[in-house]
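**Q**
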Amino acid sequence: MLKVDLFMAAAVLVAVLLFCRYVAKKYQYFLTKPVPCVKPTFLLGSSGPTIFRKVDVATHFKKIYDVFPQAPVIGFYDFTTPMYLLRDPEMIKKVSIKDFDYFTDHVPMMPTDAEKEHNPDTLFGNTLLSLRGQKWRDMRSTLSPAFTGSKMRHMFELVAECGRSLVEHFKAEAAAGRTMEHEMKETFSKVGSDLIATLAFGIKVDSLREPENVFYANGKKMLNLKSLATFVKFLLITFVPRLMRWLKVDVLNGQSAAYFKRIILDNMEQREAHKILRNDMIQILMEVRKGTLQHQKEEKDTKDAGFATVEESQVGKSSHSRVWTENELVAQCLLFFLAGLDTISTCMTFLTYELTVDPDIQQRLYEEITETDKSLNGKPLSYDVLQRMQYMDMIVSETLRKWPPGVISNRYCNKNYLYDDGRGTQFVIEKGQVILIPSYCIQRDPRYFPDPDRFDPERFNEANRAQINTCAYIPFGVGPRNCIGSRLALMEVKCMVYYLLKDFELIATEKTQIPVSIARDSFGLHPEKGVWIEFKPRSSQDS
């Protein structure tokens with residue numbers, strides 16, 4: 001018996017030693033590279049602070065970013081996986097644009113195309129965000145014509161209708177003597193949900209007046225980033241991606257995803273049967289299905305929606321003959337919901353916060369809004385008039401600099417790549433390695449934006465914007481894999497701000513946390529204690 005116990009103890013000891021040796025070998029990756037590396041913690045690498053929720057994600061990556069302030073690229077470990085963090089805008093430009101063919105994909109979270117043959121119903125895996133290789137290129141070029149300036153002009157009235165509804169709701173609340181103190185993230189999540197309902201799903205929802213409506217409830221449930229279950233799911237997908245793909249685990253809540261899928265398909269069916277036309281994403285997907293959605297050759301791809309607009313690459317303007325399945329098209333509507341909802345609500349939350357804590361900036365924007373309103377001579381606001389508002393664009397651009405919707409993005413190395421910074425540093429990044437582009441960190445770097453924690457719209461005035469390094473300002477990403485919906489997001493934010501400030505002054509209350517702190521249990525920039533602001537109705541003399 002004693003011999004058996006000793007044998008078992010020895011076997012366990014050997015197994016532990018072999019495992020420790022295996023992990024230690026993993027942590028030797030950067031020893032062969034001319035890249036400074038953050039010292040890893042056993043098994044956790046540099047991921048411990050976020051796993052145990054000691055810091056928020058943005059602060060976590062900023063601390064890593066600041067460890068080697070002179071290095072153009074640094075290494076660290078996500079658990080035992082080596083990661084490259086780019087700190088040099090020129091290398092970001094090279095990797096994302098010039099040498100894009102080496103880094104065309106994001107890190108695979110969902111099933112690959114071969115695996116999807118056995119699990120074709122995965123929705124998140126079919127979104128533009130998750131697609132890879134040629135299939136991603138084909139989907140990008142399929143959807144790209146849907147987000148041009150001309151398409152935004154067609155959709156503008158639907159967005160303006162939501163803006164007017166927002167104001168009418170709060171006017172009615174004020175007239176009824178109800179509290180005008182509101183939490184911004186919750187408020188603009190509801191507004192964002194209504195915008196996406198009308199633009200992407202072809203239905204009208206009023207989440208401010210009916211907060212328990214089924215559409216909004218399913219949206220919150222579909223991807224609750226703060227829930228423990230979602231956190232564990234993401235953790236497992238990161239730690240054991242192959243197992244999760246084999247188990248056919250989808251990031252999205254299955255019941256909620258099925259609900260949205262049914263809305264889209266029913267809507268398409270009704271429009272086909274009754275020949276209904278509406279300027280929204282459903283109509284665009286129907287055009288895609290028929291093969292009638294094409295780029296307008298005479299339309300130039302310009303920054304017509306503002307400084308933060310990203311331009312479409314030639315990848316998005318190429319042609320193909322691929323026929324998309326029902327599931328692949330439905331998945332894009334779900335992506336618009338997931339990506340659009342957080343982008344709109346986050347940007348609006350921090351924009352209203354910054355206007356509240358700096359009344360002078362708020363007043364100057366209000367004056368531009370009243371001047372614009374007077375110039376309309378009673379006519380409704382239009383897309384082109386909105387885009388001519390310079391100070392509005394400066395404020396939105398600065399909000400996206402200080403509070404970008406995506407803290408960090410990744411690129412997956414598709415084939416061995418020779419890193420060459422042009423200053424003598426050369427080494428090979430092997431196929432399968434991951435590169436991170438830290439937009440939040442770059443945009444908070446004093447080398448590119450002096451006094452970066454100060455909210456200063458003047459950074460983006462006519463004279464100063466020409467001095468900005470375009471690869472140090474990347475709120476919507478960079479290169480062919482940038483955010484396809486930047487025009488739509490900017491139009492929505494500007495329109496909501498226009499109508500809100502036209503009729504309400506934003507005032508801080510006792511519940512307004514200044515400075516705002518970021519929640520540690522979220523994947524993005526979410527205020528820990530919310531952003532509470534009072535909407536004070538403007539008098540007729542103010543208007």
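Each residue of the sequence shown is one higher than the last, beginning at 1 in full-length UniProt numbering.
Glycine included, each C-beta is placed from N, C-alpha and C at the ideal position.
Assuming contact is defined by CB atoms lying nearer than 8 Å, are Thr41 and Gly48 in contact in what I supplied?
**A** In contact: Thr41 and Gly48 (Cβ atoms closer than 8 Å).
**Q** Go through its chain and collect everything with a Cβ distance to residue 581's Cβ below 6 Å, but skip five positions before and after it.
**A** Any property of residue 581 remains undetermined from this structure, which presents the chain solely from 1 to 543.
**Q** Ignoring anything shorter than 4 residues, give me the alpha helix (DSSP H) runs that lie fully in the stretch 329 to 375, in order along the chain.
**A** 359 to 375, all fully within the stretch 329 to 375.
**Q** What residue range is occupied by the uninterrupted beta strand (DSSP E) comprising Leu386?
**A** No beta strand (DSSP E) holds Leu386; the alpha helix (DSSP H) holding it covers 383 to 387.
**Q** Quick one: measure Cβ to Cβ for Leu158 and Thr198, integer angstroms, because I've assumed they're closer than 8 Å.
**A** Their Cβ separation, rounded to whole angstroms, is 5 Å, which keeps Leu158 and Thr198 in contact under 8 Å.
**Q** For Leu329 and Arg289, I'd like the C-alpha separation in whole angstroms.
**A** For Leu329 and Arg289, the distance between alpha carbons rounds to 8 Å.
**Q** Short check: CB of Tyr419 to CB of Phe427, under 8 Å?
**A** In contact: Tyr419 and Phe427 (Cβ atoms closer than 8 Å).
**Q** Please list the terminal residues of the continuous beta strand (DSSP E) segment that includes Arg278.
**A** Looking at the DSSP string, Arg278 is not in any beta strand (DSSP E), and its letter there is neither H nor E.
**Q** With a threshold of 16 other CB atoms inside 10 Å of the CB of Val167, please say whether the residue is buried or exposed.
**A** Counting Cβ neighbours within 10 Å, Val167 comes out buried, since at least 16 surround it.
**Q** Once the 5 residues before and after Gly202 are set aside, which same chain residues still bring their CB inside 7 Å of it?
**A** Excluding positions up to five away in sequence, the list reads Asn267, Arg278, Asp280, Ile282.
**Q** Could you pull out every residue in the same chain whose Cβ sits closer than 7 Å to the Cβ of Lys116, ignoring the five residues on either side in sequence?
**A** Confidence at Lys116 is low in this model, with a pLDDT of 48, below 50, so its placement is unreliable and the value that follows should be read with caution. Cβ within range, chain order: Thr122, Gly125.
**Q** For Asn119 and Ala331, I'd like the C-alpha separation in whole angstroms.
**A** Note that Asn119 scores 49 on pLDDT, short of 50, meaning its location in the model is unreliable; the coordinates nonetheless yield the value given after this. Straight-line Cα distance between these residues: approximately 14 Å.
**Q** Which residues does DSSP list as the beta-bridge partners of His182?
**A** Answer is Ile533, bridged to His182.
**Q** Examine the Cβ distances between the stretch 386 to 405 and the stretch 341 to 351 and report whether three or more of them are shorter than 8 Å.
**A** Touching, per the Cβ criterion.
**Q** Helix, strand or coil for Ala508 per DSSP?
**A** Strand at Ala508.
**Q** On the criterion of 16 or more Cβ atoms from any shown chain inside 10 Å, does Gly424 qualify as buried, or is it exposed?
**A** Burial call: exposed.
**Q** To the nearest whole angstrom, what separates the beta carbons of Tyr468 and Phe103, a pair I think is in contact under 8 Å?
**A** This sequence places Ile at residue 468; Tyr is not what is there. The Cβ separation is near 24 Å, so there is no contact.
**Q** Quick check on Ala10: does DSSP put it in helix, strand or coil?
**A** Helix at Ala10.
**Q** Output needed for Glu298: all residues of its chain with C-beta closer than 7 Å, excluding positions within five of it in sequence on either side, in chain order.
**A** Low per-residue confidence applies at Glu298: pLDDT is 49, beneath 50, and the placement is therefore not dependable enough to give any value.
**Q** Quick one: residues in its chain with C-beta nearer than 8 Å to the C-beta of Val205, no 5 flanking neighbours on either side, listed in chain order?
**A** These residues qualify, in order along the chain: Ser193, Asp194, Ala197, Thr198, Asn213, Phe215, Tyr216.
**Q** Check the C-beta distance from Arg87 over to Val73 and give it rounded, since I have them as a contact under 8 Å.
**A** So it is a contact: roughly 6 Å between Cβ atoms.
**Q** Could you check the C-alpha separation between Ala114 and Leu131 for me, to the nearest Å?
**A** Confidence in Ala114 is poor, its pLDDT being 46 and thus under 50, which makes the residue's placement unreliable; the coordinate value appears in the next sentence. Spanning the two alpha carbons is a distance of roughly 12 Å.
**Q** Candidates Tyr259, Lys233, Ser256: which alpha carbon is nearest Leu247's?
**A** When each option's Cα is compared against that of Leu247, the closest is Lys233.
**Q** Excluding five sequence neighbours on each side, which residues of the same chain lie with their C-beta closer than 7 Å to the C-beta of Val55?
**A** Result list for Val55: Pro49, Arg520, in chain order.
**Q** So what's Asp250 in DSSP terms, helix, strand or just coil?
**A** Reduced to three states, the DSSP call for Asp250 is coil.
**Q** Could you give the residue range of the alpha helix (DSSP H) that holds Leu488?
**A** That run of the alpha helix (DSSP H) goes 486 to 503.
**Q** Output the distance between the C-alpha atoms of Val531 and Val516, rounded to the nearest integer angstrom.
**A** So the two alpha carbons sit approximately 8 Å from each other.
**Q** Let me know if Val323 comes out buried or exposed under the rule of 16 or more other beta-carbons within 10 Å of its beta-carbon.
**A** Exposed, since its Cβ has fewer than 16 Cβ neighbours within 10 Å.
**Q** Measure the C-alpha to C-alpha separation of Leu334 and Asp384 and round it to an integer number of angstroms.
**A** Approximately 28 Å between the Cα atoms of the pair.
**Q** Considering only their Cβ atoms, is the gap separating Asp358 from Gly524 smaller than 8 Å?
**A** No, the pair does not count as a contact, with Cβ atoms beyond the cut-off.
**Q** Assuming Phe156 is part of the alpha helix (DSSP H), what are its boundary residues?
**A** Note, Phe156: alpha helix (DSSP H), 149 to 175.
**Q** Where does His118 sit, in a helix, a strand or coil, going by DSSP?
**A** Because the pLDDT at His118 is just 43, under 50, the model does not fix this residue reliably, and the value given afterwards should be weighed accordingly. In this structure, His118 counts as coil in the three-state DSSP scheme.
**Q** In the DSSP assignment, find the beta strand (DSSP E) that holds Asn416 and state where it starts and stops.
**A** Run containing Asn416: none; DSSP gives neither H nor E here.
**Q** Is Gly479 near Ser144, with beta carbons less than 8 Å apart?
**A** Contact flag unset, no.
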